[in-house]
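Engineer:
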Amino acid sequence: MRNFGDFPDTLTQYNNSEVVILPVPYDGTSTWLKGANKGPEAILEASPNLEFYDIDTRREVFKHTGIHTSEPVLECTSPESMTDAVYERVSELIKDNKFVIVLGGEHSVSIGTAKAHHENYENISVLQIDAHGDMRDEYENSQYNHACVMARVKEFAPCVQVGIRSLCTEELHNIDYSRMFFAEDIMKSETWIEEVLDKLNENVYITFDLDAFDPSIISSTGTPEPGGLNWYQVIDLMKAVFAKKNVVGFDVVELCPNPHNKVSDFIAAKLVYKMIDLKF
Ligand SMILES: [Mn+2]
Numbered sequence: 004m005r006n007f008g009d010f011p012d013t014l015t016q017y018n019n020s021e022v023v024i025l026p027v028p029y030d031g032t033s034t035w036l037k038g039a040n041k042g043p044e045a046i047l048e049a050s051p052n053l054e055f056y057d058i059d060t061r062r063e064v065f066k067h068t069g070i071h072t073s074e075p076v077l078e079c080t081s082p083e084s085m086t087d088a089v090y091e092r093v094s095e096l097i098k099d100n101k102f103v104i105v106l107g108g109e110h111s112v113s114i115g116t117a118k119a120h121h122e123n124y125e126n127i128s129v130l131q132i133d134a135h136g137d138m139r140d141e142y143e144n145s146q147y148n149h150a151c152v153m154a155r156v157k158e159f160a161p162c163v164q165v166g167i168r169s170l171c172t173e174e175l176h177n178i179d180y181s182r183m184f185f186a187e188d189i190m191k192s193e194t195w196i197e198e199v200l201d202k203l204n205e206n207v208y209i210t211f212d213l214d215a216f217d218p219s220i221i222s223s224t225g226t227p228e229p230g231g232l233n234w235y236q237v238i239d240l241m242k243a244v245f246a247k248k249n250v251v252g253f254d255v256v257e258l259c260p261n262p263h264n265k266v267s268d269f270i271a272a273k274l275v276y277k278m279i280d281l282k283f
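Residue 4 is where the sequence shown starts when you use my numbering, and the numbers rise one by one after that.
Dropping the structure here:
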């Protein structure tokens, strides 16, 4: 896969980079539209077309951090073996003092990376941005299905769920409504970002399912839902979380690229770069 951005070699070499992008093109458990395995490549393909100057911070952050794109994790025998492979790779990168960004793939790729961050940082909480609860105990005979991600993550770290607008009966017993921010309530609230911050620990891992966005902004996802977040709601939340908490890593998942419309790919790349800018 190509490198994120189109930066000079000195700014993409492993040893020179604080940031490592780890593609996990896994699509073994998605239940409706297939194609999330093409997500990482689509984000990387779109990335050189970004403007790398940030209007808020008035700089080009890649020149300060370096951004290395790692060899992808290709293990796909089962969701369990993929999770183990992601966990191993992310753990190695964290021990090398890298800030790790996993690009999915469908949402099950987040279990291994969230676990690696949990074991290397004290008291992390996990901020999930998503249209879906993803709290089923199991789905289609697997506990590692993308519909079960947050049920697995909740076993080791407290979670806060933002942008939710689709639940199923089977997951309701796992849901803590005091830690869930429905998209509809966010639209009517002026204090929701502070309330999200109040629920998070100092160390935060972010798992970002792109279907949290309204489909008018990002339509290329495996399970789109109406009534989602807009760009500035997301960016305002990200600005607050990166400013007030220690974000230890993140993933961006569930891009299911449409070859006839690359808008979603570009927005996903822009989100990744903006989050890097906010971190450093
Ligand atoms: Mn989702």
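Backbone N, C-alpha and C fix where the C-beta goes; we use that ideal spot for every residue, glycine too.
Evaluate H120 with the Cβ neighbour count: other Cβ atoms within 10 Å of its Cβ, from every protein chain shown; 16 or more gives buried, anything less gives exposed.
Structural biologist: Locating residue 120 in the sequence shown gives position 117, where the first residue counts as 1. Flag for H120 reads buried.
Engineer: Going by the CB atoms, is the gap between P28 and E54 shorter than 9 angstroms?
Structural biologist: Position 51 of the sequence shown, counted from the first residue, corresponds to residue 54. Position 25 of the sequence shown, counted from the first residue, corresponds to residue 28. Against a cut-off of 9 angstroms, the Cβ pair of P28 and E54 comes out as no contact.
Engineer: In the DSSP output, what is S128 paired with across the bridge?
Structural biologist: Along the sequence shown, one-based indexing puts residue 128 at 125. Paired residue(s): V207.
Engineer: Where does T80 land, buried or exposed, given buried means 16+ other C-beta within 10 angstroms?
Structural biologist: Along the sequence shown, one-based indexing puts residue 80 at 77. That one is exposed.
Engineer: Can you look up N148 in the DSSP assignment and give me helix, strand or coil?
Structural biologist: The residue you call residue 148 lines up with position 145 of the sequence shown. Here N148 sits in coil by DSSP.
Engineer: Going by the C-beta, is T226 closer than 8 angstroms to any heavy atom of ligand 1?
Structural biologist: Along the sequence shown, read from residue 1 onward, the residue named residue 226 stands at position 223. Answer for T226: yes, Cβ within range of ligand 1.
Engineer: Taking the runs of the beta strand (DSSP E) that are 3 residues or longer, which of them lie wholly in the segment 154-239?
Structural biologist: Runs found: 162-167, 183-185, 206-212.
Engineer: Here's a check: name, in chain order, each residue in its chain whose Cβ is nearer than 7 angstroms to the Cβ of D239, leaving out the five neighbours to either side.
Structural biologist: One-based indexing of the sequence shown puts residue 239 at position 236. Result list for D239: I196, in chain order.
Engineer: Excluding five sequence neighbours on each side, which residues of the same chain lie with their C-beta closer than 7 angstroms to the C-beta of E228?
Structural biologist: Reading the sequence shown from its first residue, position 225 is the one you call residue 228. Result list for E228: A134, R168, S169, D214, in chain order.
Engineer: For E174, is the beta carbon positioned less than 8 angstroms from some heavy atom of ligand 1?
Structural biologist: Looking up residue 174 in the sequence shown gives position 171. No.
Engineer: Return the bridge partner residues of F102 from the DSSP annotation.
Structural biologist: For the purposes of this step, residue 102 is taken as the residue at position 99 of the sequence shown. V22.
Engineer: Which residues does DSSP list as the beta-bridge partners of L258?
Structural biologist: Taking the first residue of the sequence shown as 1, we reach residue 258 at position 255. According to DSSP, L258 bridges with T224.
Engineer: By a C-beta neighbour count over all protein chains shown, 10 Å radius and 16 as the cutoff for buried, is A160 buried or exposed?
Structural biologist: For the purposes of this step, residue 160 is identified with residue 157 of the sequence shown, where counting begins at 1. It is buried - the Cβ of A160 has at least 16 other Cβ atoms within 10 Å.
Engineer: Taking the alpha helix (DSSP H) that I114 falls in, what are its first and last residues?
Structural biologist: Taking the first residue of the sequence shown as 1, we reach residue 114 at position 111. Counting along the chain, the alpha helix (DSSP H) containing I114 begins and ends at 113-123.
Engineer: Pull up the DSSP beta-bridge partners for I70, would you.
Structural biologist: Here the question's residue 70 lines up with position 67 in the sequence shown. Looking at the DSSP assignment, I70 forms a beta bridge with V22.
Engineer: Cα separation between D140 and D9?
Structural biologist: In the sequence shown, counting from the first residue as 1, residue 140 sits at position 137. In the sequence shown, counting from the first residue as 1, residue 9 sits at position 6. So the alpha carbons of these two residues sit roughly 42 angstroms apart.
Engineer: Skipping 5 residues on each side, what residues in its chain have a beta carbon closer than 6 angstroms to that of T116?
Structural biologist: Reading the sequence shown from its first residue, position 113 is the one you call residue 116. Closer than 6 angstroms at Cβ, skipping near neighbours: V89, V93, V105, D254.
Engineer: Using DSSP with H/G/I as helix, E/B as strand and the rest coil, what is R92?
Structural biologist: For this step, residue 92 is matched to residue 89 along the sequence shown. DSSP places R92 in helix when its eight states are reduced to three.
Engineer: At a cut-off of 8 angstroms, is A160 close to ligand 1 when judged by its beta-carbon and the heavy atoms of the ligand?
Structural biologist: One-based indexing of the sequence shown puts residue 160 at position 157. It does not: the Cβ of A160 is nowhere closer than 8 angstroms to a heavy atom of ligand 1.
Engineer: From I127 to F211, what distance separates their C-alpha atoms?
Structural biologist: Translated into the one-based positions of the sequence shown, residue 127 becomes position 124. Translated into the one-based positions of the sequence shown, residue 211 becomes position 208. Looking at the two C-alpha atoms, the distance is approximately 16 angstroms.
Engineer: How big is the Cα-Cα spacing for N6 and G252?
Structural biologist: In the sequence shown, residue 6 corresponds to position 3, counting from 1. In the sequence shown, residue 252 corresponds to position 249, counting from 1. Cα to Cα, the separation comes out at about 19 angstroms.
Engineer: Could you tell me the boundaries of the alpha helix (DSSP H) in which I279 lies?
Structural biologist: By 1-based counting over the sequence shown, the position of residue 279 is 276. Per DSSP, I279 belongs to the alpha helix (DSSP H) from 266-282.
Engineer: Can you tell me which residues form a DSSP beta bridge with D57?
Structural biologist: Mapped onto the sequence shown, residue 57 falls at position 54. Answer by DSSP bridge pairing, in chain order: R62.
Engineer: Relative to the C-alpha of E187, which residue among N144, G231, K41, I270 is closest?
Structural biologist: The sequence position of residue 187 within the sequence shown is 184, counting from 1. The option with the nearest alpha carbon to E187 is G231.
Engineer: Secondary structure at G42, three-state DSSP: helix, strand or coil?
Structural biologist: As a working note, residue 42 is residue 39 in the sequence shown. Note: G42 maps to helix in three-state DSSP.
Engineer: Could you check the C-alpha separation between N206 and C162 for me, to the nearest Å?
Structural biologist: Counted from its first residue, the sequence shown places residue 206 at position 203. Counted from its first residue, the sequence shown places residue 162 at position 159. Straight-line Cα distance between these residues: approximately 12 angstroms.
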